[in-house]
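Engineer: Those protein sequences? They're chains Z and F, same order as listed.
Per my numbering, residue 2 is the first one in the first sequence, and the count goes up by one each step.
Per my numbering, residue 1112 is the first one in the second sequence, and the count goes up by one each step.
Quick one: the structure is below, and I'll ask about it shortly.
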Amino acid sequence: MPIYSEKVMDHFMNPRNVGEIENPDGIGEVGNPVCGDMMTFYIKVKDNRLEDVKFKTFGCGAAIAVSSMVSEMAKGKTLEEARKITPQLVADELEGLPKNKFHCSNLGAQALSKAIDDYLSKKNKGGKK
Amino acid sequence: MRQVYLDNAATTPLLPEVREAMLPYLGELFGNPSCLHSWGDAAREAVERAREQVAQLIGAEAEEIIFTGSGTESNNFAIKGLALAQQAKGKHVVVSAVEHFSVLYSARTLEKWGFELTLVPVDKYGVVDPDEVRRNLRKDTILVSVMHANAEVGTIEPIEEIARITRENGILFHTDAVATAGTIPVKVKELGVDTLSLAGNQFYGPKGVGALWVRKGVRIIPLLDGGVQEGGRRAGTENVPAIVGLGKAAELARMDMPARIKHLTHLRDRLLTELPRKIERVVVTGHPQNRLPGNASFCVEFIEGESMLMWLNSQGVAVTSGSACTSRALKASHVLLAMGLPHALAQGSILFTLGLDNTDEDIDYVLEVLPPIVDRLRQMSPLYAKFTKAGKGGK
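In structure tokens, the structure reads:
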């Protein structure tokens, strides 16, 4: 039996929204090479909504699928809605993740949240936007 | 789609001749070798024939061979059994840092039982320096264990030299030859060791069977009590079909070894030389020359091994990786880390282990399908983005 669901395999092999955004409004980086997964999320915000979400990920099949799924779930959502994306919701949308991968690979929501933090802190400092 | 199996270190397939030899013992010849009737006689004869075959493979006496359930069991048996037999003499054990977990964690268990453990480091190729072993010996050292070759990186260790040192000091020496027995020449007298492990599924025999060779006169405490099988050193009804298969596989390996080595070395060298030409920033892991004939191991920079493995699998190619994500425990290969590789590079581990069925066309296919996979994964890797930006920025 394969370790990954069909949905995970689909997002792993055809990841959505891979890449970087030029002049992003926020960047969120999580992970480290010791655990094996690293994700960087880039966001573009317009009228309090995530107009664009892109990512780059170093990691296993689950990490790539999670990144892709989070980007898809987040696009078009308000910042408040996007904050409500939890690792469990991501795993559910992916029709499950292997038990041992749930924590280490499921960093997408955290990376997205960090990108939102980055955007808000820039905004509060009165930078661009 | 082409199917290319390149994970022979995990297990080799069963040779048809081996399967044929086993079949009667899964059928009408079902007897228990311990029994005194003719059913028992037939089974006992088969087990003893297999013992001869395995002994011949490694240049040993049949009575020195103990059949076990796996290479892992053989290693557990040697490390724990020898240490327990020697504990009145001392409680210090020395093993290399790149041993298989069945040696490493047996030694860890000894620590829990009150023994002391020293891990001997390796160089960047994974080679154990015999002088380093010598420096770590103490008056109370009772056992040294260094593997004959490392299956993950292919490096062959200087067992003869280490054995000279242990012999001079009257210390027992175990070698885990699971990666070498049946693959390259393994002669116990030349190696100079006291015990040696091997496993059937590493040389086209069945899974679930191994052997431990114990030099005549060496004391070992059994792990399994309660029966007189295997000279009272390993209780439990023998896995007769598997033992017969192991014996047949040993016989075939002994006869075909030079041709097998030639075949595997050719394919291995193609991968070792051609893959780094096709993909930038790839490093060969393990010793460049002194390595197992079927082992081509690499680390691919900026990407992670499991994602390479999954992609290759989708193209019909089976490989393995020492990355953290590939292991159930989510830890990067202790072998690669002991060789001093940084974590990020170790995560890009990919291991091709070749077998008798592989052809030049298989290698062509891998060399064709892997570069686009690497490229694709690098395009989504934040590490590769940093690397290319640093390059373009002129540092």
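Where is the CB? At the ideal position from N, CA and C, for every residue including glycine.
Between A1260/F and T1266/F, how many whole angstroms is the CB-CB distance? I'm expecting something under 8 Å.
Structural biologist: Indexing the second sequence from 1 puts residue 1260/F at position 149. Indexing the second sequence from 1 puts residue 1266/F at position 155. With 8 Å as the limit, A1260/F and T1266/F qualify as a contact, their Cβ atoms being about 6 Å apart.
Engineer: Output needed in chain order: residues of the segment 1421-1437 of chain F with a Cβ under 7 Å from some Cβ in chain Z.
Structural biologist: From the segment 1421-1437 of chain F, only M1421, S1425, S1434, A1435 and C1436 have a Cβ closer than 7 Å to chain Z.
Engineer: For E52/Z, which of helix, strand or coil comes out of DSSP?
Structural biologist: Looking up residue 52/Z in the first sequence gives position 51. DSSP places E52/Z in strand when its eight states are reduced to three.
Engineer: Can you tell which of V1244/F, F1413/F, S1145/F and P1232/F has the C-alpha that lies nearest to the C-alpha of L1494/F?
Structural biologist: Your numbering for residue 1494/F matches position 383 in the second sequence. Cα-wise, what sits closest to L1494/F is F1413/F.
Engineer: Distance cutoff 8 Å, beta carbons only. Does I22/Z sit that close to anything in chain F?
Structural biologist: Working through the first sequence from its first residue, we reach residue 22/Z at position 21. By this cut-off, I22/Z is not an interface position.
Engineer: Taking the beta strand (DSSP E) that C1410/F belongs to, which residues open and close that run?
Structural biologist: Working through the second sequence from its first residue, we reach residue 1410/F at position 299. First-last of the beta strand (DSSP E) with C1410/F: N1406 to V1411.
Engineer: When burial is assigned at 16 or more other CB atoms within 10 Å of the CB, is N1186/F buried or exposed?
Structural biologist: To locate residue 1186/F, count along the second sequence from 1; it is residue 75. N1186/F should be labelled buried.
Engineer: What residue does the beta strand (DSSP E) around K45/Z start on, and which one ends it?
Structural biologist: Locating residue 45/Z in the first sequence gives position 44, where the first residue counts as 1. That run of the beta strand (DSSP E) goes D38 to K47.
Engineer: Chain Z beta carbons: is any one of them nearer than 8 Å to that of E1263/F?
Structural biologist: The residue you call residue 1263/F lines up with position 152 of the second sequence. Not closer than 8 Å to any Cβ of chain Z, the Cβ of E1263/F fails to qualify, so no.
Engineer: What number of angstroms, rounded off, separates the C-alpha of P1232/F from the C-alpha of A1208/F?
Structural biologist: Within the second sequence, the letter at position 121 stands for residue 1232/F. Within the second sequence, the letter at position 97 stands for residue 1208/F. The alpha-carbon atoms of P1232/F and A1208/F are separated by roughly 5 Å.
Engineer: Regarding D1471/F and the ligand NAD, is the C-beta to nearest heavy atom distance less than 7 Å?
Structural biologist: In the structure on display, the ligand NAD does not appear, and there are no ligands present to speak of.
Engineer: Just to confirm, are I1331/F and A1196/F a CB contact at a threshold of 8 Å?
Structural biologist: One-based indexing of the second sequence puts residue 1331/F at position 220. One-based indexing of the second sequence puts residue 1196/F at position 85. Cβ atoms of I1331/F and A1196/F: closer than 8 Å.
Engineer: Quick one: give me the first and last residue of the beta strand (DSSP E) that L1462/F is part of.
Structural biologist: What you label residue 1462/F is simply residue 351 of the second sequence in a count that begins at 1. Its beta strand (DSSP E) spans residues S1460 to T1464.
Engineer: Taking a contact to mean a Cβ-Cβ separation below 8 Å, would you say L95/Z touches M70/Z in this structure?
Structural biologist: Taking the first sequence and counting its residues from 1, one reaches residue 95/Z at position 94. Taking the first sequence and counting its residues from 1, one reaches residue 70/Z at position 69. Yes, these two residues count as a Cβ contact at 8 Å.
Engineer: Under a CB-based cut-off of 8 Å, is G37/Z close to chain F?
Structural biologist: Taking the first residue of the first sequence as position 1, residue 37/Z is located at position 36. Yes - at least one Cβ of chain F is within 8 Å of the one on G37/Z.
Engineer: Might you give, ordered along the chain, the residues of its own chain that have their beta carbon closer than 6 Å to the beta carbon of P1482/F, omitting 5 neighbours on each side?
Structural biologist: Numbered from its first residue, the second sequence carries residue 1482/F at position 371. The residues are K1389 and I1390.
Engineer: By alpha-carbon positions, which one of A1262/F, I1190/F, P1144/F and G1142/F ends up nearest to L1254/F?
Structural biologist: The sequence position of residue 1254/F within the second sequence is 143, counting from 1. Nearest C-alpha to L1254/F: I1190/F.
Engineer: Could you give the residue range of the beta strand (DSSP E) that holds G1/Z?
Structural biologist: As shown, chain Z starts at 2 and ends at 130. That puts residue 1/Z outside it, with no answer to give.
Engineer: For chain F, find out if any of its Cβ atoms is closer than 8 Å to the Cβ of N107/Z; answer yes or no.
Structural biologist: Here residue 107/Z is taken as the residue at index 106 of the first sequence, counted from 1. N107/Z does not count as touching chain F.
Engineer: Assign E81/Z to one of two classes, buried (16 or more other C-beta atoms within 10 Å of its C-beta) or exposed (fewer than that).
Structural biologist: In the first sequence, residue 81/Z corresponds to position 80, counting from 1. The residue is exposed, with fewer than 16 neighbouring Cβ atoms inside 10 Å.
Engineer: In terms of residue numbering, what span does the beta strand (DSSP E) encompassing W1324/F cover?
Structural biologist: Position 213 of the second sequence, counted from the first residue, corresponds to residue 1324/F. Segment G1321 to V1325, the beta strand (DSSP E) holding W1324/F.
Engineer: Is there a Cβ from chain F that is less than 8 Å from the Cβ of N101/Z?
Structural biologist: The sequence position of residue 101/Z within the first sequence is 100, counting from 1. It does: the Cβ of N101/Z has a partner Cβ on chain F nearer than 8 Å.
Engineer: Going by the CB atoms, is the gap between V1205/F and T1220/F shorter than 8 Å?
Structural biologist: Position 109 of the second sequence, counted from the start, is the residue given in the question as residue 1220/F. Position 94 of the second sequence, counted from the start, is the residue given in the question as residue 1205/F. Contact flag unset, no.
Engineer: Pairs of beta-carbons, one from the segment 1428-1436 of chain F and one from the segment 1280-1296 of chain F, closer than 8 Å: are there three or more?
Structural biologist: At 8 Å Cβ cutoff, the stretches do not touch.
Engineer: Could you list which residues in chain Z have their beta carbon closer than 8 Å to that of S1492/F, in chain order?
Structural biologist: Counted from its first residue, the second sequence places residue 1492/F at position 381. Near S1492/F (Cβ distances below 8 Å), the residues of chain Z are K57, T58 and F59.
Engineer: Let me know if K115/Z comes out buried or exposed under the rule of 16 or more other beta-carbons within 10 Å of its beta-carbon.
Structural biologist: What you label residue 115/Z is simply residue 114 of the first sequence in a count that begins at 1. The residue in question, K115/Z, is buried, as its Cβ has 16 or more Cβ neighbours within 10 Å.
Engineer: Taking a Cβ distance cut-off of 9 Å, strictly less, list which residues of the segment 62-76 of chain Z are near chain F, in chain order.
Structural biologist: Taking 9 Å as the Cβ-Cβ cut-off against chain F, the residues of the segment 62-76 of chain Z that qualify are G62, A63, A64, I65 and S68.
Engineer: For H1454/F, decide whether its Cβ has a neighbour in chain Z, counting only Cβ atoms nearer than 8 Å.
Structural biologist: For the purposes of this step, residue 1454/F is taken as the residue at position 343 of the second sequence. Closer than 8 Å: yes.
Engineer: Output the boundary residues of the alpha helix (DSSP H) element that contains F1314/F.
Structural biologist: Residue mapping note: residue 1314/F aligns to position 203 of the second sequence, counting from 1. Here F1314/F belongs to no alpha helix (DSSP H), and DSSP marks it neither H nor E.
Engineer: Based on the DSSP secondary-structure assignment, which residues constitute the bridge partners of H1285/F?
Structural biologist: Taking the second sequence and counting its residues from 1, one reaches residue 1285/F at position 174. The partner list for H1285/F (beta bridge, DSSP) reads S1256/F and T1306/F.
Engineer: How would you list, in chain order, the residues of chain Z whose beta-carbon sits under 8 Å from the beta-carbon of I1414/F?
Structural biologist: Position 303 of the second sequence holds residue 1414/F. What I1414/F touches in chain Z: F59.
Engineer: For Q1167/F, would you say it is in contact with chain Z, using Cβ-to-Cβ distances shorter than 8 Å as the test?
Structural biologist: Residue mapping note: residue 1167/F aligns to position 56 of the second sequence, counting from 1. No, no contact with chain Z.
Engineer: Which chain F residues are close to P133/Z, counting only those with a beta carbon under 7 Å from its beta carbon?
Structural biologist: Because chain Z is modelled from 2 through 130, residue 133/Z falls outside the range shown and cannot be assessed.
Engineer: 8 Å is my cut-off, CB to CB: does R1439/F come that close to chain Z?
Structural biologist: Your numbering for residue 1439/F matches position 328 in the second sequence. Yes - at least one Cβ of chain Z is within 8 Å of the one on R1439/F.
Engineer: I need the DSSP call for R17/Z, collapsed to helix, strand or coil.
Structural biologist: Working through the first sequence from its first residue, we reach residue 17/Z at position 16. Reduced to three states, the DSSP call for R17/Z is coil.
Engineer: Under 9 Å Cβ-Cβ, which residues of chain Z neighbour S1444/F?
Structural biologist: Mapped onto the second sequence, residue 1444/F falls at position 333. Correct list: empty, because the minimum Cβ distance to chain Z is about 11 Å.
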